[in-house]
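Peer 1:
Protein chains: 2
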Amino acid sequence: MRLSRFFLPTLKETPSEAQIASHRLMLRAGMVRQSASGIYTWLPLGWKVLQKIEQIVREEQDAAGAQELLMPTIQSADIWRESGRYDAYGKEMLRIVDRHDREMLYGPTNEELITQIFRDNVKSYRQLPQSLYHIQWKFRDEVRPRFGVMRGREFLMKDAYSFDIDFDSAKRSYEAMFNAYLRTFKRMGLTAIPMVADSGAIGGNLTHEFHVLAETGESGVFYDVAYEELAAKDAVDLDALSKLYAVTDEKHDPNSPDCPPAERLKEARGIEVGHIFYFGTKYSKAMGAVVAGPDGNPVHVEMGSYGIGVSRLVGAIIEAYHDDRGIKWPEAVAPFKVGLINLKAGDNACDRVCEDIYRALSEQGVDVLYDDRDDRAGVKFADMDLIGLPWQLIAGPKGIAAGVVELKNRHTGEKEELSVEAALARLTA
Amino acid sequence: MRLSRFFLPTLKETPSEAQIASHRLMLRAGMVRQSASGIYTWLPLGWKVLQKIEQIVREEQDAAGAQELLMPTIQSADIWRESGRYDAYGKEMLRIVDRHDREMLYGPTNEELITQIFRDNVKSYRQLPQSLYHIQWKFRDEVRPRFGVMRGREFLMKDAYSFDIDFDSAKRSYEAMFNAYLRTFKRMGLTAIPMVADSGAIGGNLTHEFHVLAETGESGVFYDVAYEELAAKDAVDLDALSKLYAVTDEKHDPNSPDCPPAERLKEARGIEVGHIFYFGTKYSKAMGAVVAGPDGNPVHVEMGSYGIGVSRLVGAIIEAYHDDRGIKWPEAVAPFKVGLINLKAGDNACDRVCEDIYRALSEQGVDVLYDDRDDRAGVKFADMDLIGLPWQLIAGPKGIAAGVVELKNRHTGEKEELSVEAALARLTA
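Top line first, the protein sequences correspond to chains A and B. For the record, in the first sequence the residue sitting at position 67 is 67 according to this note's numbering, with numbers rising by one throughout. For the record, in the second sequence the residue sitting at position 27 is 27 according to this note's numbering, with numbers rising by one throughout.
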């Protein structure tokens, strides 16, 4: 993509309404614009990142054996009356009356709808276990939306639902999803700490929150250092994990017998990006989701739900990866891998070398953003640092005369002078 | 995917509420389920098709130089007051009041929101021309939703918007999108007839509807046979096209001087799947979308909008491609390329051959649905014809003993006995 054609409205000034780094940087880097309180448009740069994150989440859900479908955003109030949550949910639910005066709502979550789909279509234990998920926009009418996409009203969530014939099977489904979460966050370059969560209104006793570590995270977390090794693994055993200490600051008790000694206790800041629940037969009983068991008798299915805040992850990754100059994208979620800077657009030699590089990288399937604008070098460096592509390739008249271009690593800041061929080899390796 | 694990609730009976072929077949093939009037859940099979169609639309929009972003579903009423459409839109607009009593709505289309984004972020003619699009769920509160996803209330639409400095440039943007539409529908196996449309409430005089031909289509169409050649091309000249006759039946006038002679006049049935408009400065004037022109003076930008009914296309393709037994997917949008039928699951030889084929095709990147269920051959044949995968590969004890499997083409009905190797070679060619 040529920057001269790309819809990328970067801002020099820091918007006054943005209180946290990710919100500031997403506005400044031209990733999003607010269109109403807590409701955002994803501009092309932000949309590319959101799609990459969504795709990683999708691949790991598929690998865990879950099947993707898509439930609508607008639901009937009727099924929420069946579960008893219509009145209980409160003002965060966006309630709607249609032209025929039917009560509808914008789904804040989907336990009711998926339970309805399951009960209408699955009749036998032989069709279990079954995990279904979708990645769909949700709406929660927060009283005070803030922090950009971190606490917006319209947000993208992956929610999965498992259906099992008994507790042992349900626990295996839970564990498969638990491990899928560790892999998902790891692929994005994040360290996620799973914490035993309050079961709260949803019921049941098997539930974890996943907090990813970021210096500017919203909440303090205390955890056993062993978690960092666990988070680096592809699969862990829940029973082993449940003995390890990990809590948010409001629950931290240094005098608790569970709290590890100081040399093993880590204090950090984190951002909640996932929440998983086992809740047994809460919805299947309320809504009559039964299958014929092996003996022919009806059995209420055991259920769990598994959420990831997909749009929230964009903010969380920025909180974990940024500096004073801008974002530093991990390569797996970067909107482009390489930013190619032409230091003197209009100069024959610079244009020729840059066009050759742009073509060569594009032909190799490397996503490149080519800054071909007729603008000052300082503007180009600042914009490229701001939008945070992992690699910058800088071509100027002096270097080209000497047969070299400069390759900069946005994460480490390291710069290196290389021939064009060597730089291309490095970026297509 | 193994059918024994796949969430595919096919129906033997024809649902009584479904009046047209695509609605009946989408319900029977387990592609969708209605969750409220005119609101559908896309089950895994339907969701796969919808994603394939969406991806073709996306690729052709990108190829036409449009840039993808994502606008939210919920909009503020304020911008619709600016354009004057808030009161004019009527009961089809789903109006919402949030917890702070602010008037919101579920977007039925996005002219206002994109104009707001444009005016806030683009300031100079040098940034033009610009085309932006998104593929997002819309809501229109139809008084009588019917025909399944063909006239639902929550539906997926691709809407693009072009911004140009003057009429000549706007016409080039319009023509680029016009040709992108012809390519988009052609890739899906459809013949699309563009018709000069009524400009209606939206204003302007350059506007076309695209109707795809289907024997069971909703409207009668009359057109010059030359259109069929045009639709097969990758690019056409609008001026040449505008001289050709193409109208829906309510506008057809055999005595019109524009109507071609009988030997060149074709009568068919069609389904509207796209609509494009040039509407000049209607929104840019109402909402103050100006850029600095070459002489420094402010210029109201010239705009166009370009819609494709993405979820509607699923129904339209089925209307064009089905028979009494079920759907016949064109390969480009098929949920799987191959349906592998094991005629005797549990038989050692059948299982071994089928597992080998399943593995070999999957490794080659061929999407296969493997019917490994312990069920009667008749059930398997009926289900496979119903869901309409382009190729069926059938393996039974007798054939395997003789060293052959059967390859069936769902479109032509042709069957052929082949060695496993020859069948694999054919399907991976």
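The beta-carbon is built from N, C-alpha and C at its ideal position, and this holds for glycine as well. Computed from a prediction, not measured in an experiment: that's the story for all the values here.
What is the rounded straight-line gap between the Cα of residue 123 of chain B and the Cα of residue 413 of chain B?
Peer 2: By 1-based counting over the second sequence, the position of residue 123 of chain B is 123. By 1-based counting over the second sequence, the position of residue 413 of chain B is 413. Looking at the two C-alpha atoms, the distance is approximately 59 Å.
Peer 1: Measure the C-alpha to C-alpha separation of residue 64 of chain B and residue 285 of chain B and round it to an integer number of angstroms.
Peer 2: Reading the second sequence from its first residue, position 64 is the one you call residue 64 of chain B. Reading the second sequence from its first residue, position 285 is the one you call residue 285 of chain B. One C-alpha to the other measures close to 27 Å.
Peer 1: From the beta carbon of residue 426 of chain A, is the nearest beta carbon of chain B less than 8 Å away?
Peer 2: Position 426 of the first sequence, counting from 1, holds the residue named residue 426 of chain A. No, residue 426 of chain A does not count as interfacial toward chain B.
Peer 1: State the DSSP-derived secondary structure class of residue 412 of chain A, mapped to helix, strand or coil.
Peer 2: Taking the first residue of the first sequence as 1, we reach residue 412 of chain A at position 412. The answer is coil: DSSP assigns residue 412 of chain A none of H, G, I, E or B.
Peer 1: Would you call the segment 291 to 308 of chain A and the segment 143 to 163 of chain A touching, i.e. three or more CB-CB distances under 8 Å?
Peer 2: A contact exists between the segment 291 to 308 of chain A and the segment 143 to 163 of chain A.
Peer 1: Could you tell me how far apart the beta carbons of residue 269 of chain A and residue 216 of chain A are, in whole angstroms, since I believe they sit closer than 8 Å?
Peer 2: If you number the first sequence from 1, residue 269 of chain A lands on position 269. If you number the first sequence from 1, residue 216 of chain A lands on position 216. Right, their Cβ atoms sit about 7 Å apart.
Peer 1: Looking at the structure shown, is residue 298 of chain B part of a helix, part of a strand, or coil, going by DSSP?
Peer 2: Counting from 1 along the second sequence, the entry for residue 298 of chain B is found at position 298. Strand.
Peer 1: Please return the same chain residues whose Cβ sits closer than 7 Å to the Cβ of residue 400 of chain B, not counting the five positions on each side in sequence.
Peer 2: The count along the second sequence starts at 1 and reaches residue 400 of chain B at position 400. 349, 350, 353, listed in sequence order.
Peer 1: Do residue 315 of chain A and residue 22 of chain A count as a contact pair if the criterion is CB distance below 8 Å?
Peer 2: Along the first sequence, read from residue 1 onward, the residue named residue 22 of chain A stands at position 22. Along the first sequence, read from residue 1 onward, the residue named residue 315 of chain A stands at position 315. Taking 8 Å as the Cβ cut-off, residue 22 of chain A and residue 315 of chain A qualify as a contacting pair.
Peer 1: Would you kindly report the start and end of the unbroken alpha helix (DSSP H) that includes residue 384 of chain B?
Peer 2: Position 384 of the second sequence, counting from 1, holds the residue named residue 384 of chain B. Per DSSP, residue 384 of chain B belongs to the alpha helix (DSSP H) from 377 to 387.
Peer 1: Which residues in chain A sit within 9 Å of residue 143 of chain B, going by Cβ to Cβ distance?
Peer 2: Here residue 143 of chain B is taken as the residue at index 143 of the second sequence, counted from 1. Chain A residues near residue 143 of chain B: 99, 100.
Peer 1: Taking the straight line between their C-alpha atoms, what separation do you get for residue 440 of chain A and residue 146 of chain B?
Peer 2: Chain A is shown from 1 up to 429; residue 440 of chain A falls before or after that span and cannot be answered.
Peer 1: Using CA atoms only, rank isn't needed, just tell me which of B:13, B:253, B:48, B:93 is closest to residue 431 of chain B.
Peer 2: What is shown of chain B runs 1 to 429, which leaves residue 431 of chain B out entirely.
Peer 1: Going along chain B in order, which residues have a C-beta closer than 9 Å to the C-beta of residue 121 of chain A?
Peer 2: As a working note, residue 121 of chain A is residue 121 in the first sequence. Under the 9 Å cutoff, chain B gives 7, 9, 30, 33, 43.
Peer 1: For residue 207 of chain B, decide whether its Cβ has a neighbour in chain A, counting only Cβ atoms nearer than 8 Å.
Peer 2: Working through the second sequence from its first residue, we reach residue 207 of chain B at position 207. Taking Cβ atoms only, chain A never reaches closer than 8 Å to residue 207 of chain B, which makes this a no.
Peer 1: Residue 204 of chain A by DSSP, collapsed to three states: which one?
Peer 2: On the first sequence, position 204 is the one that residue 204 of chain A refers to. Any reading at residue 204 of chain A is ruled out, since the residue's pLDDT is 49, under 50, leaving its predicted position unreliable.
Peer 1: Bridge partners of residue 342 of chain B, per DSSP?
Peer 2: As a working mapping, residue 342 of chain B is identified with position 342 in the second sequence. Answer is B:395.
Peer 1: On the DSSP bridge list, what partners appear for residue 2 of chain B?
Peer 2: The count along the second sequence starts at 1 and reaches residue 2 of chain B at position 2. Answer is B:370, bridged to residue 2 of chain B.
Peer 1: Kindly list the residues whose CB is nearer than 6 Å to the CB of residue 335 of chain A, restricted to its own chain and excluding five residues on each side of it in sequence; keep chain order.
Peer 2: Residue numbering aside, residue 335 of chain A sits at position 335 when the first sequence is read from its first letter. Within the same chain, residue 335 of chain A has close Cβ partners 45, 48, 49.
Peer 1: Can you tell me where the alpha helix (DSSP H) holding residue 357 of chain B begins and where it ends?
Peer 2: Looking up residue 357 of chain B in the second sequence gives position 357. Here the alpha helix (DSSP H) through residue 357 of chain B covers 348 to 363.
Peer 1: Using a Cβ-Cβ cut-off of 6 Å (strictly less than) and excluding sequence neighbours within five positions of residue 20 of chain A, which residues of its own chain qualify?
Peer 2: For the purposes of this step, residue 20 of chain A is taken as residue 20 along the first sequence, with counting starting at 1. Correct list, in chain order: 147.
Peer 1: Would you grab the beta carbon distance between residue 341 of chain B and residue 394 of chain B for me? Rounded to a whole angstrom, and I think it's under 8 Å.
Peer 2: Residue mapping note: residue 341 of chain B aligns to position 341 of the second sequence, counting from 1. Residue mapping note: residue 394 of chain B aligns to position 394 of the second sequence, counting from 1. Contact holds; Cβ gap of about 5 Å.
Peer 1: Please classify residue 91 of chain B as buried or exposed, where buried requires at least 16 neighbouring CB atoms within 10 angstroms.
Peer 2: In the second sequence, counting from the first residue as 1, residue 91 of chain B sits at position 91. Under this definition residue 91 of chain B is an exposed residue.
Peer 1: Give the single residue among A:418, A:282, A:116, A:94 whose Cα lies nearest to the Cα of residue 43 of chain B.
Peer 2: To locate residue 43 of chain B, count along the second sequence from 1; it is residue 43. Among A:418, A:282, A:116, A:94, the Cα nearest to that of residue 43 of chain B belongs to A:116.
Peer 1: For the alpha helix (DSSP H) containing residue 433 of chain B, list its first residue and its last residue.
Peer 2: Any answer about residue 433 of chain B is impossible in this case: the structure gives chain B only from 1 up to 429.
Peer 1: Find the residues of chain A that neighbour residue 39 of chain B, judging by a C-beta separation of less than 7 Å, and give them in chain order.
Peer 2: By one-based count along the second sequence, residue 39 of chain B stands at place 39. Under the 7 Å cutoff, chain A gives 72, 74.
Peer 1: Do we get a CB-CB distance below 8 Å when we pair residue 154 of chain B with the residues of chain A?
Peer 2: Within the second sequence, residue 154 of chain B is the residue found at index 154, counting from 1. Taking Cβ atoms only, chain A reaches closer than 8 Å to residue 154 of chain B, which makes this a yes.
Peer 1: Can you tell me which of the three DSSP states residue 136 of chain B falls into?
Peer 2: Working through the second sequence from its first residue, we reach residue 136 of chain B at position 136. Three-state DSSP puts residue 136 of chain B in a strand.
Peer 1: If you drop the 5 nearest sequence neighbours on each side, which residues of the same chain put their C-beta closer than 7 Å to that of residue 362 of chain A?
Peer 2: For the purposes of this step, residue 362 of chain A is taken as residue 362 along the first sequence, with counting starting at 1. Contacts found: 368.
Peer 1: Below 6 Å CB to CB, which residues in the same chain sit around residue 274 of chain A once its five sequence neighbours on both sides are set aside?
Peer 2: The sequence position of residue 274 of chain A within the first sequence is 274, counting from 1. Hits under 6 Å: 181, 210, 308.
Peer 1: Based on the DSSP secondary-structure assignment, which residues constitute the bridge partners of residue 248 of chain B?
Peer 2: As a working note, residue 248 of chain B is residue 248 in the second sequence. DSSP lists B:221 as partners of residue 248 of chain B.
Peer 1: Around the Cβ of residue 429 of chain A, are there at least 16 other Cβ atoms within 10 angstroms (buried) or fewer (exposed)?
Peer 2: Stepping through the first sequence from its first residue, residue 429 of chain A is reached at position 429. Under this definition residue 429 of chain A is an exposed residue.
Peer 1: Using a Cβ-Cβ cut-off of 6 Å (strictly less than) and excluding sequence neighbours within five positions of residue 339 of chain A, which residues of its own chain qualify?
Peer 2: Position 339 of the first sequence holds residue 339 of chain A. Within the same chain, residue 339 of chain A has close Cβ partners 369, 384, 389, 392.
Peer 1: Can you tell me which of the three DSSP states residue 148 of chain B falls into?
Peer 2: On the second sequence, position 148 is the one that residue 148 of chain B refers to. Helix, per DSSP.
Peer 1: With a threshold of 16 other CB atoms inside 10 Å of the CB of residue 201 of chain A, please say whether the residue is buried or exposed.
Peer 2: For the purposes of this step, residue 201 of chain A is identified with residue 201 of the first sequence, where counting begins at 1. Confidence at residue 201 of chain A is low in this model, with a pLDDT of 47, below 50, so its placement is unreliable and the value that follows should be read with caution. Answer is exposed; the Cβ neighbour count stays below 16.
Peer 1: Determine, using beta-carbon pairs with one atom in the segment 101 to 115 of chain B and one in the segment 284 to 299 of chain B, whether at least three such pairs fall under 8 Å.
Peer 2: They touch, by the three-pair rule.
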